[in-house]
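Quick note, the sequences are listed as chains A and B, same order. Okay, so the first sequence: first residue is 6 according to our numbering, each after it adds one. Okay, so the second sequence: first residue is 869 according to our numbering, each after it adds one. Beta carbons are placed, not taken as given, at the ideal position from N, Cα and C, and that holds for glycine. Shown next, in structure tokens, is the structure this report addresses.
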Amino acid sequence: MMKLLLPLGLLGLLSILVLIIIYIIKPNYQQKFISSTYVWKLSLKYAKKRVPMSMLRNILLIICQVLLLTSCAMILTRPYFADEREEPVKEQVILIDASASMYTLSTTGERMTRFQRAINMIQDSLTEAFEDDGLVSLMIVNDNPKYLIQRVDSTNENTLRDALDDLVSSEKGVQCTYGEPNVEAAIDLCEEMLVNNPYAKVMFYTDTNYTLNEDIQDVVNIIDVKGEGEKNAAILEGRVSRTELNTFRFEADIAVYGSVMDIQIALTVNNAVTTAYPNGTTIECFFNYPIPYLGVVETVMLPQDMYTKNDDDSYTLTGEIYENGVAVEQGRYLEIFSYDSAEVSLRNVSGGDLGDSLSFDNSFSYYGGKRADLNIEYCTTLSNPFTRSLLRAAQTTLASKWNYTYKVYENSDSFETEGYDVYVFEHTMPRVLPSDGLVILLDPSGAAPAGSGLRLMEYKTPGMFAAVANHDILNNVNATSIIVNRYMGVTADENYKVLMTCNNVPVVLLNEKERIFIASIDVHNTQSIINSLPFLMCNLLNYFYPETVSGYLFDVNDTVEINGLSDAVTVTSPLGDKTYNEFPLLLSLDLPGQYTVVQNTFTNRQVYTNFYVKMPAAESDIVAVGDFDLYYEPPKLEQYMDEILMYLAIALVALIVAEWWLQSRSQY
Amino acid sequence: MKLSYLNDEFFGRLETLALNLRTNLAGFFGGKHLVKTYGQTVEFADYREYMLGDDIRRIDWNLYSRFEKYFLKLFTDERQMHVQIFLDCSASMEKGDPKKAAYAISVAAALGFLAVHNMDKVSFNLMKKNRSTNTTGTIVGKNAFFRAIGELENIEFSDDTDIAEAITSSPNTGTNDGLTVIISDFFTESAWKKAVDYLSYKKRQVMLVQVLSPDEIDPAYMGRVHLIDSESEDLADTKNMKIRITRGMQLAYAEAFKDLVEDLRSFCVSRGAEFFSVSCDKPFEKTLFGDLLKAGIVG
Chain A
6 MMKLLLPLGL LGLLSILVLI IIYIIKPNYQ QKFISSTYVW KLSLKYAKKR VPMSMLRNIL
66 LIICQVLLLT SCAMILTRPY FADEREEPVK EQVILIDASA SMYTLSTTGE RMTRFQRAIN
126 MIQDSLTEAF EDDGLVSLMI VNDNPKYLIQ RVDSTNENTL RDALDDLVSS EKGVQCTYGE
186 PNVEAAIDLC EEMLVNNPYA KVMFYTDTNY TLNEDIQDVV NIIDVKGEGE KNAAILEGRV
246 SRTELNTFRF EADIAVYGSV MDIQIALTVN NAVTTAYPNG TTIECFFNYP IPYLGVVETV
306 MLPQDMYTKN DDDSYTLTGE IYENGVAVEQ GRYLEIFSYD SAEVSLRNVS GGDLGDSLSF
366 DNSFSYYGGK RADLNIEYCT TLSNPFTRSL LRAAQTTLAS KWNYTYKVYE NSDSFETEGY
426 DVYVFEHTMP RVLPSDGLVI LLDPSGAAPA GSGLRLMEYK TPGMFAAVAN HDILNNVNAT
486 SIIVNRYMGV TADENYKVLM TCNNVPVVLL NEKERIFIAS IDVHNTQSII NSLPFLMCNL
546 LNYFYPETVS GYLFDVNDTV EINGLSDAVT VTSPLGDKTY NEFPLLLSLD LPGQYTVVQN
606 TFTNRQVYTN FYVKMPAAES DIVAVGDFDL YYEPPKLEQY MDEILMYLAI ALVALIVAEW
666 WLQSRSQY
Chain B
869 MKLSYLNDEF FGRLETLALN LRTNLAGFFG GKHLVKTYGQ TVEFADYREY MLGDDIRRID
929 WNLYSRFEKY FLKLFTDERQ MHVQIFLDCS ASMEKGDPKK AAYAISVAAA LGFLAVHNMD
989 KVSFNLMKKN RSTNTTGTIV GKNAFFRAIG ELENIEFSDD TDIAEAITSS PNTGTNDGLT
1049 VIISDFFTES AWKKAVDYLS YKKRQVMLVQ VLSPDEIDPA YMGRVHLIDS ESEDLADTKN
1109 MKIRITRGMQ LAYAEAFKDL VEDLRSFCVS RGAEFFSVSC DKPFEKTLFG DLLKAGIVG
């Protein structure tokens, strides 16, 4: 069926009226005086014979002119043919914001989360959405938006309503996430939908004030689901830093949204080493902190910001600090030299629950103050400062991951073969190698330990190293740069992997299963290993004792890699405990809060690694604004319109030619 | 100043033309016109039986000696022809093209000149409305003729002319003694045929001369025109007409004109009258030598 894009163009048909008026108005006759009209009057009867043809020509001329004007008017109306696809199909794409801010609870009126409110609003709108054979799709906009239900009609209305109820059911809990919504991905899905049906409407139930471009304001509706009386005080970010005096301070970025609030900041430091408690104690700080401006981030440093320096260089304490449960007296400046962990939280000024609308960001935990111990035993019968320096270098390099402790046995065969995580034997080997840790044999001498699978050969003179295998342990180790003065070839069973050779003789081998590393080179007299051996040592320790997690602070929806020291780890999260056996373990951090990874070392010593998962700072802003950039192409009509316009133009030209021809013929 | 061809040169050429004419004009001009009646000429015409009262001097004694009956010899009679020239003085003869009126007067003058040159009488009758007037009387001889010419030059062409009424009501149309020439454009609804018939009844030789302007023969104007007839009284006169002249209309005009002329010609042929149509842009000599020659007036 042909439609008109600009029906007002039909007003062009009024020109036909003008044409008729022109024909009706008596044309101007020029007067001419002649002798006699007698013959002209006679000629009329002869002209009448030609009248039928001229009448026909005149009629055709008028028709041609009317058609010409009609063509012009039709061109103005921009007609087009709509195909089946162009018939508007009523469709709604319902987007539900499922980000952390949707957990915001209203404090007045009907107390419900924004997410619950959104669900209720959607339920109320479904009846109208399904009218006129409307189709409805439902999309959850979290960090990975996807359709929950797609293009259902009223026959599946109950299914849709049940799906909505499941999102907020008591059994399953609120199906919001604790992260940020991936609005761009949701927009991409909407754009795909709009390509299939340009007449669809997008209904986005969200708590963010999105700005829409003019060209999509008819297509996208942003429905605000914020409730009354909502306010939020949030710890957006936390950091631990050192002062000039090398003491610790705990920084927290705090902001208030929705309503001005007076808050109390509480800090708890576990196993803090202070002047008064060098062996560690618990510190508690309580600090009332007014935040007068909404949305402005204030950085608070504790306990430093609790002190005000006086002119006489003394300090005045604002708030309360308890050291081992005892209040710190005025004038004494508390310094924390080390700690295990800390936590900052927001309360109301009375010390009670803050009572804001979003509680997930009211606390923050600091970890990394104390690392897990890694015990190293160094046994040598020929003390070598180079080897010591190796261990110290490794200690320094890996200090952020482990708390290294090592015990040295020099010039003695009395050493322990259990209870340590790493055993370094230089110039000596026990009769039986330890089995509860990593064993490093440097420049071994004597008989190979029983059951080790090794056999040592005689010493040989200088040789060129060559790496014969790829292994993480050899990262940054340039084997070809090593020239040893003396080396000893090693043969081993199939459990050993040859990593490097010297003059094609195996000298560096690794038994991963038994955790035995042997480098049968003379470390005393080989200078060229200065650059390579430190890397080797770090690589060894990293390889067998990787850090459990790569940090102590993550965001929700991050994926963290957990390395195990043994066969299993147990992860304690806000969801509870879960044990994992496969490594590396990729753990998706879906909930904010404290996580603890518990595992046993080879020595059956339990190692605890804590980290904190925080909510994205952007989600704490419960009155956020944003842009909803959706690309929308209106239904393509030009294609059809252009075709018709072309035909109309052809007809117009043909009519012009015909009219010209008839005009010229009418002169005859 | 009115256009006039009646100058010394014109009559000089006519004089020359007349000298070139045959002396024996067995046609329209020449004072010695044989008529069918019997007269006193020396030309034998016929015999008839003597009847009581006849002049015995006319008895043909040779025939008596032969037949012993009395017969009279009859001789042809000669009469002086009276050429009557009726000139249409309606507005259509001049208003359209002044040359047309001058040409018509020239034709009348030429015919008159030839008549008096050949010792005939001529009279100029000016037709206007339903009358014809002879302001110059019957002209005999060239002197009288040249005196009458001046009157012709002062003719005022106006109004319309009912040719039939003008001729039939003329007091002196004559009978059986000459030629009547009607000079007009014959663009009239007047029953001029009735005039021809009347003249034929009067046993006069009739000649119709249609004088036309080139614009009347082949009008070149086109478009939407309000044609004002020169003989109309006002713009609202029914003689006037509004017409859109296209090429088709021009062709129709040509066809109508052709039929008009043909109608004139065929009627004249049927009545034994002469007719010729001349255009005023045609040289006068050609008209005389050409058309008159064809008509048998000269030659």
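- Residues bridged to Thr604 of chain A by DSSP? Note on residue identity: the sequence assigns Gln, not Thr, to residue 604 of chain A. DSSP lists A:Val574 and A:Val612 as partners of Gln604 of chain A.
- Query: CB Lys236 of chain A to CB Asp212 of chain A, shorter than 8 Å?
  - Reply: Against a cut-off of 8 Å, the Cβ pair of Asp212 of chain A and Lys236 of chain A comes out as no contact.
- Message: Rounded to the nearest angstrom, what separates Lys937 of chain B and Tyr918 of chain B at their Cα positions?
- Response: The alpha-carbon atoms of Lys937 of chain B and Tyr918 of chain B are separated by roughly 8 Å.
- Message: Is there a Cβ of chain A sitting closer than 8 Å to that of Thr1029 of chain B, yes or no?
- Response: It does not: the Cβ of Thr1029 of chain B has no partner Cβ on chain A nearer than 8 Å.
- Taking the alpha-carbon positions, what's the Arg890 of chain B to Ile1017 of chain B distance? Because the pLDDT of Arg890 of chain B is 44, which lies under 50, any placement of that residue in the model is unreliable, and the number read from its coordinates should be weighed accordingly. So the two alpha carbons sit approximately 25 Å from each other.
- Message: For a test of the three-state rule: what should DSSP assign to Ser343 of chain A, helix, strand or coil?
- Response: Residue state, collapsed to three classes: strand.
- Task: Mind listing the chain A neighbours of Gly964 of chain B? Cutoff is C-beta to C-beta under 9 Å, in chain order.
- Result: Going along chain A in sequence order, the residues near Gly964 of chain B (Cβ under 9 Å) are Phe38, Ile39, Ser40 and Ser41.
- Message: Which of the three DSSP states is assigned to Gln1118 of chain B in this structure?
- Response: Correct three-state label for Gln1118 of chain B: helix.
- Compare the C-beta of Met995 of chain B against all C-beta atoms of chain A and say whether one is closer than 8 Å. Cβ-Cβ to chain A under 8 Å: no for Met995 of chain B.
- For Pro511 of chain A, the three-state DSSP class (helix, strand or coil): Residue state for Pro511 of chain A is assigned as strand, using DSSP reduced to three classes.
- Task: Taking C-beta pairs closer than 9 Å, name the residues in chain B that Gln35 of chain A reaches, listed in chain order.
- Result: Under the 9 Å cutoff, chain B gives Tyr1089, Gly1091, Arg1092, Val1093 and His1094.
- Query: Can you name the residues of chain B whose CB is closer than 7 Å to the CB of Tyr51 of chain A?
  - Reply: By Cβ distance, chain B contributes Ala1120, Glu1123 and Ala1124.
- Can Cys384 of chain A and Glu431 of chain A be called in contact, C-beta distance under 8 Å? Their beta carbons are under 8 Å apart, which means Cys384 of chain A touches Glu431 of chain A by this criterion.
- Item | CA-to-CA distance, Asp560 of chain A to Pro621 of chain A, given in whole angstroms | So the alpha carbons of these two residues sit roughly 6 Å apart.
- Are at least three pairs of beta-carbons, each pair with one atom in the stretch 1043-1060 of chain B and one in the stretch 957-969 of chain B, less than 8 Å apart? Enough Cβ pairs lie closer than 8 Å, so yes.
- Output the boundary residues of the alpha helix (DSSP H) element that contains Thr1036 of chain B. Here the alpha helix (DSSP H) through Thr1036 of chain B covers Ile1031 to Thr1036.
- Item | Sequence-distant residues of its chain with Cβ nearer than 6 Å to Tyr501 of chain A (five each side left out) | Cβ-Cβ distances below 6 Å link Tyr501 of chain A to Leu514 and Asn516 in the same chain, with the five nearest sequence neighbours on each side left out; the list follows chain order.
- Any Cβ of chain B within less than 8 Å of the Cβ of Trp45 of chain A? Under the 8 Å criterion on CB atoms, Trp45 of chain A is classed as interfacial with respect to chain B.
- Jot down the residue ranges of each uninterrupted alpha helix (DSSP H) in the stretch 948-976 of chain B, minimum 4 residues, whole runs only, in chain order. Listed in chain order, there is nothing to give.
- What do you get for Met505 of chain A, buried or exposed, if any count of 16 or more other CB atoms within 10 angstroms of its CB means buried? Under this definition Met505 of chain A is a buried residue.
- Could you tell me the distance, in whole angstroms, from the CA atom of Leu172 of chain A to the CA atom of Val628 of chain A? Roughly 23 Å between the two C-alpha positions.
- Message: So, with DSSP's three-state summary, where would you put Asn892 of chain B?
- Response: Residue placement at Asn892 of chain B is flagged as unreliable, the pLDDT there being 38, under the threshold of 50; a coordinate-derived value is accordingly withheld.
- CB contact below 8 Å: Ser20 of chain A versus chain B: No, no contact with chain B.
- Task: Pick helix, strand or coil for Cys69 of chain A, following the three-state DSSP scheme.
- Result: Helix, per DSSP.
- Item | Cβ-based contacts, 7 Å cut-off: residues of the stretch 192-212 of chain A near chain B | In summary, no residue of the stretch 192-212 of chain A has a CB separated from any CB of chain B by less than 7 Å.
- Message: Can you look up Met620 of chain A in the DSSP assignment and give me helix, strand or coil?
- Response: In the structure shown, Met620 of chain A sits in coil (DSSP, three-state: anything other than H, G, I, E or B).
- Give a yes or no on whether the minimum CB-CB distance between Ile1023 of chain B and chain A is below 8 Å. With respect to chain A, the C-beta atom of Ile1023 of chain B has no partner C-beta closer than 8 Å.
- Using 8 Å as the threshold, is the stretch 77-85 of chain A in touch with the stretch 110-122 of chain A, meaning 3 or more CB pairs across them? Touching, no.
- Message: When you compare the CB positions of Asp170 of chain A and Phe135 of chain A, do they come within less than 8 Å of one another, or not?
- Response: No, the Cβ-Cβ distance between Asp170 of chain A and Phe135 of chain A is not below 8 Å.
- Task: Kindly list, in the order they appear in chain B, the residues whose Cβ is closer than 9 Å to that of Ser669 of chain A.
- Result: The contacting residues do not exist; Ser669 of chain A stays about 11 Å from chain B at best.
- Query: Who are the near neighbours of Leu545 of chain A in its chain, counting only those whose CB is closer than 8 Å to its CB and skipping five residues on each side?
  - Reply: Listed in chain order, the non-local C-beta contacts of Leu545 of chain A below 8 Å within the same chain comprise Leu443, Ile445, Ile478 and Phe522, local neighbours out to five positions each way being set aside.
- Task: Check Phe120 of chain A in the structure and name its three-state DSSP category.
- Result: In the three-state reduction of the DSSP assignment, Phe120 of chain A falls in the helix class, which pools H, G and I.
- Which value, in whole angstroms, describes the spacing of the CA atoms of His901 of chain B and Ala978 of chain B? Bear in mind that a pLDDT of 49 at His901 of chain B, under 50, signals an unreliable position, so the number given afterwards is only what the model happens to contain. Taking the straight line from one Cα to the other gives about 20 Å.
- Query: Do the CB positions of Thr42 of chain A and Leu1132 of chain B come within less than 8 Å of each other?
  - Reply: In this structure, Leu1132 of chain B does not lie closer than 8 Å to Thr42 of chain A by Cβ.
- Task: Tell me Thr584 of chain A's beta-bridge partners as DSSP assigns them.
- Result: Note: Thr584 of chain A sits in a beta bridge opposite A:Thr575.
- Keeping to the same chain, check which residues put their C-beta closer than 8 Å to that of Ala332 of chain A; ignore five residues upstream and five downstream. So the qualifying residues of the chain are Glu325 and Ile326.
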